[in-house]
Structures are given as C-alpha cells and as structure tokens.
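Report on one structure; see the data block that follows.
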C-alpha cells in the first residue's frame, strides 16, 4: 500500500468559489462582467446568471457566446428573489461538492483580475466571516463606490466613502456592518444559518436593503462581515444621489419601506433605546423631506405598515436562531 506523507509545511487547498449574477436587462454590462470573471487569476467552479426575462433574444445571444455559463430565469422577483434563486441553482448544480464561497455580483460590476484570489485568501481561514466584499470604485477608478457599509446611530445604512476620492482612508482591512450586494461573498456553510423562513435574502424587500438586512442578521447571529480593500472591482451603479429621481418611484418606495423592515427585524431593544434620539430625529427630517420634496414616496409608509406583522415574525425567528447558535454544539 502506498500513501501520501503529510508534512507540516503543506499548504491548505485554495478555497473554491462560484458566481451568481442577477440580470434585469443589463446585457452590455453583463457581457463585460462575464469577461472579467473569465479572466480571474483564481477561476470559479461555476457561473450562473438569473435573468428576469426583459429580452429573451438578447439573453439567448449571450448564452450562445458563453457556453460555460449556466443561464436560467423567469419573472422579475427583484434582486432578493433573483439572488435566492441563483444561489440555489449554484448549490444544486454543485451537489456534494459545494464551493466554499458564492460570490453574488451585479452585472454592472467588473472585477480586477485578482479580485477573487485576493478576497478568498483574506477570509478563507476566518470561519467566523460569513460575508465579505472588496473595495468598489466608480468607473473613473479614482472615486469610491463602497468600502463596505456602516450603520450610523440613526440606522440608515451608508456605503462608506461613497462618491469621495479614493485617497487611502479606506485602505485597511476591517470588519464592517454590512457589504454591498453588488459584490457580496457568502460563505456557503453559513447559508443555512442565515436563511430565515426559506429565504437567504428577504423577498419582501424585492429590491434595495436586502444586503444590509442580511449583514445585520449575520452579525446578530454571531458572524462577521469583512472588508478587504486589496480586492478591487469597478461598480457602475444605477442609483446615484444625483440621479435618484430617475429611478422609478415604485422601486424607490421599496427602498423607503425596507429601511423600516430591517430595523424591526434586526435592531435589539438595548440598541434601539440607545439610538432612539438619533432615529427619531432622522425620521422627523425624513418625513419633512418626503412631504415637501418627494410626496410620491408617502405610500411607502403604508407599505411598511402592512409588512410589519411578517417583519415581527421574522424578528422572532432571528432571535430564536441566535439562541440556537449560542447553545451547545
């Protein structure tokens, strides 16, 4: 019988990864995104695209040019629904050989060649890191898009450094409150723990804040969210401050209501009491701005109110999951 003699200096195997992309009519961006994935110095095991069916001909053309990519799709279930479906497709396709990580990308993200290799190397040996991201730049590569996400005392999430110069202020690897869904690395073995009522991303949200909701939940469950600035990608970003009115009001209402849903689901009682003055002050300002400058958003208050029973139910489920994870193993 022959065998392998193990030595103390043997390097551990590199972490494996797969890519999931949710596409809603961004065919030109998707072409560039897939090309950047194909150039990665550490190639993925699998690439899957969930398409919302905006143009069947365009997606068929893309599929013909990218035979190594799995294309699936259906009706528009928002980013949350699409991301859940593409993650499920990747894990089903992998079977017993599930990748260590799944990287979720927006189609308007272009990865630097060493993005995956750098990001995986930074977090693979950190089992408490459930979610991670790199430094996202705007197209000029001089302006920051996101250096991870922070939750200020008023609890309205903010992309750190967004629209400011990339001048070195965010060049330190560190834990953050959440990570942008534009380029979000998820540790596969944590997915079952993070999933509540069968959903990794809360499909009540449809679009916007489903990533911050997930990051908040991960931290409630004892996991960490890691920002690795040496992993760089470019994000074109559809929603910019200067162009917010160009976003359909129905989508902006989702963002508006989802702020309240993630607060109800994830904020602890003690943190809410501590942050109450900031939260109240912010909400007064927000209501005033909405009434005076953007009254079409006002129905979002009713949308949030109608979703509160479900949000409170999920809050209880998250609290129960946190207790389970703190218990004996």
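Residue numbers (the working numbering): 1212 to 1540. Even for Gly, the Cβ is constructed at its ideal location relative to N, Cα and C. None of the values given here were measured: they were computed from a predicted structure.
Considering only the alpha carbon of each residue, which of 1376, 1367 and 1515 lies closest to residue 1493?
For residue 1493, the closest C-alpha among the options 1376, 1367 and 1515 is that of 1367.
Can residue 1319 and residue 1355 be called in contact, C-beta distance under 9 Å?
In this structure, residue 1319 lies away from residue 1355, with their beta-carbon atoms at least 9 Å apart.
Examine chain B for any beta-carbon lying closer than 9 Å to the beta-carbon of residue 1522, and answer yes or no.
Among the chains in the structure shown there is no chain B, since it carries only a single protein chain.
Going by beta carbon distance, what residues of the same chain come within less than 6 Å of residue 1325, once the five residues before and after it are set aside?
Only 1252 meet the Cβ criterion.
Just curious, the alpha helix (DSSP H) that residue 1465 is in, first and last residue?
From DSSP, the alpha helix (DSSP H) with residue 1465 extends over 1460 to 1477.
Between which residues of its own chain and residue 1340 is the CB-CB distance below 6 Å, once the five residues before and five after are set aside?
Excluding sequence neighbours, residue 1340 sits near 1334, 1435 and 1437.
With 16 other Cβ atoms within 10 Å as the buried cut-off, status of residue 1297
Here residue 1297 is buried. Its C-beta has 16 or more other C-beta atoms within 10 Å.
Rounded to the nearest angstrom, what separates residue 1379 and residue 1352 at their Cα positions?
Approximately 13 Å between the Cα atoms of the pair.
Any chance the region 1223 to 1242 sits against the region 1282 to 1301, with 3 or more Cβ pairs inside 8 Å?
Enough Cβ pairs lie closer than 8 Å, so yes.
Residue 1349 to residue 1370 span [Cα, whole Å]
Taking the straight line from one Cα to the other gives about 13 Å.
I need the DSSP call for residue 1221, collapsed to helix, strand or coil.
Because residue 1221 carries a pLDDT of 49, less than 50, the predicted location of this residue cannot be relied on, and the following value inherits that uncertainty. Coil.
Option in 1259, 1292, 1244 and 1236 with minimal Cα separation from residue 1444:
Per the Cα distances, 1244.
Mind reading off the beta-carbon distance from residue 1457 to residue 1508? Whole number of angstroms is fine, and I expect it under 8 Å.
Incorrect: roughly 15 Å between the Cβ atoms, too far for contact.
Between the Cα of residue 1491 and the Cα atoms of 1503, 1506, 1505 and 1474, which residue gives the shortest distance?
Just measuring C-alpha positions, the residue of 1503, 1506, 1505 and 1474 sitting nearest residue 1491 is 1474.
Tell me which residues share the same chain as residue 1287 and place their Cβ nearer than 6 Å to its Cβ, disregarding the 5 neighbours each side in the sequence.
Counting only residues of its own chain and dropping the five nearest sequence neighbours on each side, residue 1287 has a CB closer than 6 Å to the CB of 1263.
What separation, rounded to the nearest whole angstrom, lies between the Cα atoms of residue 1259 and residue 1504?
Between residue 1259 and residue 1504, the alpha-carbon positions lie close to 41 Å from each other.
Express the C-alpha separation of residue 1235 and residue 1275 in angstroms, rounding to a whole number.
Residue 1275 and residue 1235 have their C-alpha atoms some 18 Å from each other.
Reducing DSSP to helix, strand and coil, say where residue 1512 ends up.
Here residue 1512 sits in helix by DSSP.
Put residue 1553 into one of helix, strand or coil per three-state DSSP.
Residue coverage of the chain in this structure runs from 1212 to 1540, which leaves residue 1553 outside it and unanswerable.
Residue 1526 by DSSP, collapsed to three states: which one?
Looking at residue 1526 - three-state DSSP - the assignment turns out to be helix.
Could you please give the first and the last residue of the uninterrupted alpha helix (DSSP H) stretch that includes residue 1240?
Residues 1238 to 1249.
Close-in-space but distant-in-sequence residues of the same chain around residue 1256 (CB under 6 Å, 5 per side omitted):
In the same chain as residue 1256, and ignoring 5 residues on each side of it, the C-beta atoms closer than 6 Å to its own belong to 1227, 1229 and 1310, in chain order.
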